[in-house]
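Heads up: the protein sequence lines correspond to chains G and V, in order. Using my numbering, read the first sequence as starting at 863 and increasing by one per residue. Using my numbering, read the second sequence as starting at 863 and increasing by one per residue. These notes concern the structure reproduced below.
Protein chains: 2
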Amino acid sequence: MDKPPRQTKHELFLNYKIWLSGLTGNGRISDTTFELLAKIKELGSIKLAAQACDISYRKAWGDIEEAEKMLEYQLIDKQRGGKDGGHSQLTPSCIKLLEAYDALHQKFDDSVEAAFEDFRKAMLQKPSSE
Amino acid sequence: MDKPPRQTKHELFLNYKIWLSGLTGNGRISDTTFELLAKIKELGSIKLAAQACDISYRKAWGDIEEAEKMLEYQLIDKQRGGKDGGHSQLTPSCIKLLEAYDALHQKFDDSVEAAFEDFRKAMLQKPSSE
DNA sequence: ATTCGATATGCATGGTTTTACACCTCGAAA
DNA sequence: TTTCGAGGTGTAAAACCATGCATATCGAAT
Numbered sequence: 863m864d865k866p867p868r869q870t871k872h873e874l875f876l877n878y879k880i881w882l883s884g885l886t887g888n889g890r891i892s893d894t895t896f897e898l899l900a901k902i903k904e905l906g907s908i909k910l911a912a913q914a915c916d917i918s919y920r921k922a923w924g925d926i927e928e929a930e931k932m933l934e935y936q937l938i939d940k941q942r943g944g945k946d947g948g949h950s951q952l953t954p955s956c957i958k959l960l961e962a963y964d965a966l967h968q969k970f971d972d973s974v975e976a977a978f979e980d981f982r983k984a985m986l987q988k989p990s991s992e
Numbered sequence: 863m864d865k866p867p868r869q870t871k872h873e874l875f876l877n878y879k880i881w882l883s884g885l886t887g888n889g890r891i892s893d894t895t896f897e898l899l900a901k902i903k904e905l906g907s908i909k910l911a912a913q914a915c916d917i918s919y920r921k922a923w924g925d926i927e928e929a930e931k932m933l934e935y936q937l938i939d940k941q942r943g944g945k946d947g948g949h950s951q952l953t954p955s956c957i958k959l960l961e962a963y964d965a966l967h968q969k970f971d972d973s974v975e976a977a978f979e980d981f982r983k984a985m986l987q988k989p990s991s992e
């Protein structure tokens with residue numbers, strides 16, 4: 863779920879995690895929730911997406927509920943019943959959010975890349991002596 | 863301990879956390895650990911630093927041990943005994959690491975600022991309609 | 001030699017997060 | 001109108017993590 867980290871001399875990596883929260887802080891949309899949303903978009907089902915993300919359906923559902931409460935708009939059109947049991951797809955707003963988040967994430971990656979490169983150089987300048 | 867988040871339209875905030883890890887991933891140096899190190903540098907004591915950081919001494923000590931194992935070099939010169947009980951100070955390597963990390967963090971903060979601004983704009987472009 | 005307080009460490013406890021499981025709801029298609 | 005499988009929900013169990021506490025170790029200063 864976390865980005866693959868980058869290496870320095872001593873097998874050191876930089877990791878990061880980002881998430882969105884509401885004003886009160888008692889709700890969050892994490893990286894994993896966005897991955898879940900992406901999978902729902904791809905697979906058309908919360909259940910399948912949860913499996914693909916290797917989390918329980920219970921957690922997936924809870925995360926979505928939490929996110930929707932926080933944003934105060936629907937992220938997913940949920941269809942229940944039918945021979946196939948039902949299916950789900952992202953709302954237009956959710957797709958927009960997802961795209962904006964992906965772009966944000968990409969910029970984060972680039973920033974980390976650049977910042978960590980400088981860090982690595984600083985660490986190599988005067989190698990540890992003890 | 864986490865950075866103060868930034869706002870969007872729907873009272874939405876961006877949060878993030880960065881940390882260093884080893885190759886195997888079973889060790890980490892978090893933001894809080896760096897804050898602890900900074901406090902140790904300032905106060906000359908793990909105990910006082912833990913108090914200042916509002917974490918238990920137990921955790922502080924565990925975090926340091928974990929970090930030193932990961933990096934495979936001493937971060938702290940620990941002095942036990944004496945009338946005062948003992949004291950601690952950062953090794954030169956640790957000070958260097960701390961400085962590099964501070965610079966890294968600063969660059970990261972700046973980048974995040976810019977990235978989130980773009981995110982906010984993207985979200986405002988076509989306001990949600992459902 | 002005694003003392004004192006910080007370093008050092010194991011383990012029980014408690015709180016939070018996630019999973020596991022049970023069970024109900026829905027509705028298009030057969 | 002019966003069926004089927006995903007959506008939806010409560011709750012107990014398990015997994016995790018940090019704290020609290022107890023207790024030992026160390027050694028300069030007295």
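Glycine is no exception: its CB is placed at the ideal position from the N, C-alpha and C atoms.
What does the Cβ neighbour count give for residue i, buried or exposed, with the cut at 16 atoms within 10 Å?
i: Gln869 of chain V; result: Residue confidence is low: Gln869 of chain V scores 49 on pLDDT, short of 50, so the model does not pin down where it sits. Its coordinate-derived value is still stated next. So Gln869 of chain V counts as exposed.
i: Asp964 of chain V; result: exposed
i: Tyr919 of chain V; result: exposed
i: Pro866 of chain V; result: In this prediction, Pro866 of chain V scores a pLDDT of 48, lower than 50, which makes its location untrustworthy; the coordinate-derived value is nonetheless stated afterwards. Classification of Pro866 of chain V: exposed, given that the 10 Å Cβ count is below 16.
i: Glu934 of chain G; result: exposed
i: Ala911 of chain G; result: buried
i: Lys983 of chain G; result: exposed
i: Glu992 of chain V; result: Since pLDDT at Glu992 of chain V reaches only 40, below the 50 mark, its modelled position is unreliable, and the value read off the structure follows with that caveat. Glu992 of chain V is exposed by the Cβ-count criterion.
i: Ala976 of chain G; result: exposed
Taking Cβ to Cβ, would you say residue i is nearer than 8 angstroms to residue j?
i: Ile908 of chain V; j: Ser950 of chain V; result: yes
i: Ala922 of chain G; j: Ile891 of chain G; result: no
i: Ile938 of chain V; j: Ile926 of chain V; result: yes
i: Ala962 of chain V; j: Phe896 of chain G; result: no
i: Glu904 of chain V; j: Leu885 of chain G; result: no
Candidates the options: which alpha carbon is nearest residue i's?
i: Lys931 of chain G; options: G:Lys940, G:Ser883 and G:Ala962; result: G:Ser883
i: Leu960 of chain V; options: G:Thr953, G:Met985 and G:Gly947; result: G:Met985
i: Lys901 of chain V; options: V:Leu952, V:Ala977, V:Asp972 and V:Glu975; result: V:Leu952
i: Thr894 of chain V; options: V:Gly948, V:Gly906, V:Trp881 and V:Leu885; result: V:Trp881
i: Leu876 of chain V; options: G:Asn877, G:Gly889 and G:Leu876; result: G:Gly889
i: Gly906 of chain G; options: G:Gly924, G:Lys879 and G:Gly947; result: G:Gly947
i: Lys940 of chain G; options: G:Leu899, G:Asp972 and G:Glu979; result: G:Leu899
i: Lys879 of chain V; options: G:Gln987, G:Gly924 and G:Val974; result: G:Val974
Per DSSP, which residues does residue i bridge with? Please list them.
i: Ser918 of chain G; result: DSSP, once it has assigned bridges, lists no residue as partnering Ser918 of chain G.
i: Gln987 of chain G; result: DSSP lists no partner for Gln987 of chain G.
i: Asp939 of chain V; result: V:Gln951
i: Tyr963 of chain V; result: According to DSSP, which records beta bridges pairwise, Tyr963 of chain V is partnered with nothing at all.
i: Arg890 of chain V; result: V:Ser883
i: Leu899 of chain G; result: Its beta-bridge partners do not exist; DSSP assigns none.
The ligand GTP and residue i: does any heavy atom of the ligand fall closer than 7 angstroms to the residue's C-beta?
i: Ile880 of chain G; result: In the structure on display, the ligand GTP does not appear, and there are no ligands present to speak of.
Exercise. Counting Cβ pairs, one atom from each stretch, are 3 or more of them under 8 angstroms apart for the segment 909-922 of chain G and the segment 958-974 of chain G?
Worked result: no
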